[in-house]
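S.K.: What follows is a single structure, and I will ask about it in a moment.
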Ligand SMILES: Nc1ncnc2c1ncn2[C@@H]1O[C@H](COP(=O)(O)OP(=O)(O)OP(=O)(O)O)[C@@H](O)[C@H]1O
Ligand SMILES: [Mg+2]
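In my numbering, the protein residues as written are 40 to 493.
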């Protein structure tokens, strides 16, 4: 069913132009030649969007807006103003208009504005139905994505899930690589087997090898007893090698051999064990460039990337944002037992147009904060802008206190920066390292050196 737009203007020509424009775009358009006529239509029909001229003889745009708001608080309302009436336009926003547009305007501008307003209306309608629910709905494993690129990807995933072919997932941080890896495992015939993740960037070379292949007692300092490797532990299941680009060359050689021969040898040992695992790997780096640079072995790349998948960044699939909003709002309302019934237009605008460098994780974090801090069931900018930022601003300027050595000052500053980055990255180490501009290993070293409790 197409969406219904009411256009009110007592200038015949303008009314025709706009009606034609929106009809051509597939909307169901109703036109009203006066404010009163518009009001009559509103009383009889539910519209998804109202566009009204400000200056109409019988009933001004503002008066019409006021009447509409007295019976319905959500239908988006766009007001068309002449030049030099910015104050009335601001007043309209205060009275609950979605936005205003100043004459003369380009068709494209009003079209985009209308699209956003309709989106806003749709979202607010779903919000009306979001209440904290008991039980039901597993939000953790659902992959949301209606955009063409995500639909193509998910279709491909469905086809390949059941094969045993190794999958390599590329994508920026927070695009859902880990989520997708688990989804692939769960829709495969190995779903009853284990799904084990190895974070290749988090471990030193020795520890990574011992994680993968296991070790015998005394293989290295600290190897007090023998341990089975995860490749053996995951027998019959799936091993997820996260941040695969971080693997050191010598370990790459060993991994390649293990895959080629289907067997592994524990560190320090010499007995081979057969392995039967499916490999899924992921990286947020440009692995082809790494191969070109000689940092990643080409043969290993071809072994792991039999099925290459690429998760597009959120800014390239903005049409998924409203769905994700809906998804995360449900999720967090449920977790925090809150109800959200509206989002302020400026917040929505920000959510729809932000560059989302941290992708879906960043979006989720912001919404979590928004839900937690919402007042009167409304998410406003205040809930979204981090209170951290405000506190930091307030705290600035108080630089009294004990005199510290330069080293202590640096350490203190590093500790704080790390703690803050960890917090805003939700303890995700890769993202934290990236935010701080250091390698993951350097991050781990610093956390250990400062004895930070994370
Ligand atoms: N399409 C999606 N639908 C719903 N939730 C998603 C989607 N993609 C990601 N998420 C959620 O966003 C968060 C980040 O996803 P995930 O950890 O899988 O990203 P990642 O690409 O592995 O990040 P990193 O590179 O930092 O490891 C998770 O909470 C995940 O559940
Ligand atoms: Mg991940």
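Note that beta-carbon positions come from the ideal geometry of N, C-alpha and C, so glycine has one too.
Bear in mind the structure is a predicted one, so any value in this text is a computation, not a measurement.
Identify the continuous alpha helix (DSSP H) that holds residue 361 and give its terminal residues.
M.R.: Residue 361 -> alpha helix (DSSP H) spans 360 to 375.
S.K.: Rounded to the nearest angstrom, how far is the Cβ of residue 232 from that of residue 251, given a contact under 8 Å?
M.R.: The Cβ separation is near 17 Å, so there is no contact.
S.K.: Take the Cβ of residue 57 as the centre, count every other Cβ of all protein chains shown within 10 Å, and call the residue buried at 16 or more, exposed below.
M.R.: buried
S.K.: Residue 146 and residue 207 - do their beta-carbons sit closer together than 7 Å?
M.R.: no
S.K.: Spell out a yes or no on whether the region 389 to 402 and the region 462 to 471 are touching, meaning 3 or more CB-CB pairs, one atom from each, closer than 8 Å.
M.R.: yes
S.K.: Are the beta-carbon atoms of residue 92 and residue 48 separated by less than 7 Å?
M.R.: yes
S.K.: Examine ligand 2 and report whether any of its heavy atoms sits within less than 6 Å of the Cβ of residue 216.
M.R.: yes
S.K.: Just the Cα atoms here: how many angstroms apart are residue 164 and residue 216?
M.R.: 31 Å
S.K.: Output the distance between the C-alpha atoms of residue 140 and residue 118, rounded to the nearest integer angstrom.
M.R.: 6 Å
S.K.: State the start and end residues of the unbroken alpha helix (DSSP H) segment that holds residue 224.
M.R.: Where residue 224 is concerned, the enclosing alpha helix (DSSP H) stretches over 216 to 225.
S.K.: Going by DSSP, what residue range makes up the alpha helix (DSSP H) through residue 481?
M.R.: Segment 479 to 488, the alpha helix (DSSP H) holding residue 481.
S.K.: Terminal residues of the continuous beta strand (DSSP E) containing residue 306?
M.R.: No beta strand (DSSP E) contains residue 306, which DSSP labels as neither H nor E.
S.K.: In the DSSP assignment, find the unbroken beta strand (DSSP E) run with residue 30 in it and report its ends.
M.R.: This structure leaves residue 30 out entirely; the chain is present only between 40 and 493.
S.K.: Please tell me whether, using a cut-off of 6 Å, the distance from the CB of residue 298 to the nearest non-hydrogen atom of ligand 1 is below it.
M.R.: no
S.K.: DSSP state of residue 423, grouped into three classes?
M.R.: helix
S.K.: Can residue 196 and residue 235 be called in contact, C-beta distance under 7 Å?
M.R.: no
S.K.: State the Cα-Cα distance for the pair residue 429 and residue 353, rounded to the nearest angstrom.
M.R.: With a pLDDT of only 42 at residue 429, under 50, the local geometry of the prediction cannot be trusted, and the value read off the model is given with reservation. The alpha-carbon atoms of residue 429 and residue 353 are separated by roughly 27 Å.
S.K.: With a CB to CB cut of under 6 Å and the five nearest residues on each side skipped, what residues in its chain are close to residue 311?
M.R.: Result list for residue 311: 302, 304, in chain order.
S.K.: Compare the Cα-Cα distances from residue 340 to each of 329, 225, 43 and report the closest residue.
M.R.: 329
S.K.: Between 111, 55, 367, which has its C-alpha nearest residue 411's C-alpha?
M.R.: Considering only 111, 55, 367, the residue with the shortest C-alpha distance to residue 411 is 367.
S.K.: Compute every distance between the C-beta of residue 467 and the non-hydrogen atoms of ligand 1, then say whether any falls below 6 Å.
M.R.: yes
S.K.: How do the region 129 to 143 and the region 330 to 338 stand: do at least 3 beta-carbon pairs fall below 8 Å, yes or no?
M.R.: no
S.K.: At a cut of 8 Å, does the region 254 to 263 reach the region 279 to 299 through at least three beta carbon pairs?
M.R.: no
S.K.: In the region 284 to 358, which residue ranges form an unbroken alpha helix (DSSP H) of at least 4 residues, counting only runs that do not cross its ends?
M.R.: 288 to 300, 326 to 332, 337 to 343
S.K.: Assuming residue 317 contacts residue 229 (C-beta within less than 8 Å), just tell me the rounded distance between them.
M.R.: 6 Å
S.K.: Give the secondary structure of residue 259 by DSSP, where H, G and I count as helix, E and B as strand, and everything else as coil.
M.R.: coil
S.K.: Tell me whether residue 212, by its Cβ, gets closer than 6 Å to a heavy atom of ligand 1.
M.R.: yes
S.K.: When every heavy atom of ligand 1 is checked, does at least one fall within less than 6 Å of the C-beta of residue 323?
M.R.: Indeed, a heavy atom of ligand 1 lies less than 6 Å from the Cβ.
S.K.: In whole angstroms, give me the CA-to-CA distance for residue 96 and residue 72.
M.R.: The straight-line gap from Cα to Cα measures roughly 10 Å.
S.K.: Out of curiosity, what's the CA-to-CA distance linking residue 436 and residue 453?
M.R.: Confidence at residue 436 is low in this model, with a pLDDT of 38, below 50, so the placement of that residue should be treated as unreliable; the coordinate-derived value is given next. The alpha-carbon separation between residue 436 and residue 453 amounts to approximately 19 Å.
S.K.: Buried or exposed, going by whether 16 or more other CB atoms sit within 10 Å of the CB of residue 433?
M.R.: Note that residue 433 scores 47 on pLDDT, short of 50, meaning its location in the model is unreliable and no value can be drawn from it.
S.K.: For residue 438, count neighbouring C-beta atoms within 10 Å of its own C-beta (all shown protein chains included) and say buried if the count is 16 or more, exposed if not.
M.R.: A caution first: residue 438 carries a pLDDT of 39, below 50, which makes its placement in the model unreliable, though a value can still be read off. Residue 438 is exposed by the Cβ-count criterion.
S.K.: Based on Cα-Cα distance, which residue from 69, 99, 348, 308 lies nearest to residue 192?
M.R.: 348
S.K.: Mind checking which residues open and close the alpha helix (DSSP H) that includes residue 51?
M.R.: Start and end: 51 to 63.
S.K.: In terms of DSSP beta bridges, what is residue 69 paired with?
M.R.: 45
S.K.: Using the DSSP secondary-structure output, state which residues sit across from residue 88 in a beta bridge.
M.R.: 44
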